[in-house]
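A.B. asks: This is the structure I have questions about; it appears just below.
Protein chains: 2
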Amino acid sequence: MKNNYFKSIESASLGESFPLDKAINELSFNDQGLIAVITQDFTSKDVLMMAWMNLSALLKTLDTGQMTYWSRSRYALWIKGETSGHTQELVEMSFDCDGDTILCKVNQKGAACHTGRPNCFYLKTQVQNNQIVVVSKQIE
Amino acid sequence: MKNNYFKSIESASLGESFPLDKAINELSFNDQGLIAVITQDFTSKDVLMMAWMNLSALLKTLDTGQMTYWSRSRYALWIKGETSGHTQELVEMSFDCDGDTILCKVNQKGAACHTGRPNCFYLKTQVQNNQIVVVSKQIE
């Protein structure tokens, strides 16, 4: 969807910079006040999970360096790993071209997935034989 | 959000498989009939973009092997690269633990981003000096 602020800076040159607080204010949160977050392992580059942040979760993540999402089921801030110990330390955060997705590279402790698997994307499609196959196992 | 089908298979063992067509039917499309798709370069493992598919786009992607999304701005199927030539050949597709996100690994031709940059996540936050910095340039 069109975002005038991010459109206005899209032809900027390599190395050019803009105020972070302004960019955060201009992010496209959806009608539930949420923005999509992709979390990627900094070292392996595996995509670990996708989740959502509201503005408060985003600011808390930047402030603490610990990935904090918005739990749509519990309707509350969700400090990843607070219960399980499987925390995610933020290494890099980037915004996308139209300001509606955040990419976070993290140091993951233990399993990223609630099933105990290293990441959430363990169901791989096999179109040729009409199957999905479980491609990883629990690491604990 | 809870998805009973994906919950029912989450303790399956490594290598166990399930019917793909059933899994597709059980995916959690949102109230606009869309599901989030993360697209990752198969070789570099860079996250290229995030976009959305409806059921039709998903089936077309699986059928043709060419990434096809739903354009929320044009309200139409969007065969990636159809105009620009910057196509994405599907290599692997996976579903996540709760059936509401799809991860696609692709062979990307040219720029994934509409700005001509290799991927959409070129605005990197620098919290220490309150900036976002452009970290890639156009490849064409």
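Protein chains in written order, with this note's numbering: chain A, 61 to 200; chain B, 61 to 200. For each residue, glycine too, the CB sits at the ideal point set by N, CA and C. These figures come from a predicted structure and were not determined experimentally.
#1: Mind listing the chain B neighbours of residue 161(A)? Cutoff is C-beta to C-beta under 7 Å, in chain order.
#2: What is the DSSP secondary structure of residue 161(A), reduced to helix, strand or coil?
#3: Just reading off the beta strand (DSSP E) that residue 150(A) is part of, what are its end residues?
#4: Based on the DSSP output, what are the partners of residue 79(B) in its beta bridges?
#5: Can you tell me whether residue 165(A) is buried or exposed? The criterion is at least 16 other CB atoms within 10 Å of its CB, across all chains shown.
#6: Comparing C-alpha positions only, which one of 88(B), 132(B) and 101(B) sits nearest to residue 159(B)?
#7: With distances taken Cα to Cα, identify the nearest neighbour of residue 191(A) among 99(B), 174(B), 85(B) and 62(B).
#8: Taking the alpha-carbon positions, what's the residue 75(A) to residue 182(B) distance?
#9: The region 134-152 of chain A: which residues have C-beta closer than 8 Å to a C-beta of chain B, in chain order?
#10: From which residue to which residue does the alpha helix (DSSP H) around residue 122(B) run?
#11: So for residue 85(B), helix, strand or coil by DSSP?
#12: Quick one: is residue 73(B) buried, meaning 16 or more other Cβ sit within 10 Å of its Cβ, or exposed?
#13: Could you tell me the alpha carbon to alpha carbon distance between residue 196(A) and residue 68(A), rounded to whole angstroms?
#14: Whose C-beta lies closer than 6 Å to the C-beta of residue 66(B) among residues of the same chain, with five residues either side of it excluded?
#15: Mark residue 140(B) as exposed unless 16 or more other C-beta atoms lie within 10 angstroms of its C-beta, in which case mark it buried.
C.D. replies: Short version:
#1: 110
#2: Residue state, collapsed to three classes: strand.
#3: Counting along the chain, the beta strand (DSSP E) containing residue 150(A) begins and ends at 148-155.
#4: In the DSSP output, where bridge partners are listed per residue, residue 79(B) has 191(A).
#5: buried
#6: Measuring from the Cα of residue 159(B), the nearest candidate turns out to be 88(B).
#7: 85(B)
#8: 10 Å
#9: 152
#10: 115-124
#11: helix
#12: exposed
#13: 43 Å
#14: 158 and 159
#15: So residue 140(B) ends up on the buried side.
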